[in-house]
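Residue numbering for the sequence shown follows the UniProt record's numbering, beginning at 1 and increasing consecutively.
Positions of the beta carbon are idealized from the N, C-alpha and C atoms, including for glycine.
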Amino acid sequence: MNKLYGFKEKCRFSTFLSLKWKYIEFRARYRINKNIY
């Protein structure tokens, strides 16, 4: 039970991190595109 819970938490945390990086990358790209035009 405890091991499963830890695994779930780890999965959720990694998903959160990947989403956060996608968001940062998206914002950076958006800013660069705005500077070009």
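Whole-angstrom distance between residue j and residue i, CA atom to CA atom
{"i": "S18", "j": "C11", "result": "11 Å"}
{"i": "E25", "j": "K8", "result": "26 Å"}
{"i": "R27", "j": "K34", "result": "10 Å"}
{"i": "F13", "j": "N2", "result": "16 Å"}
Contacts around residue i, its chain only, beta-carbon distance under 8 Å, and the 5 residues preceding and following it disregarded
{"i": "K22", "result": "none"}
Own chain partners of residue i with C-beta closer than 6 Å, once the 5 adjacent residues on each side are dropped
{"i": "L4", "result": "none"}
{"i": "I32", "result": "none"}
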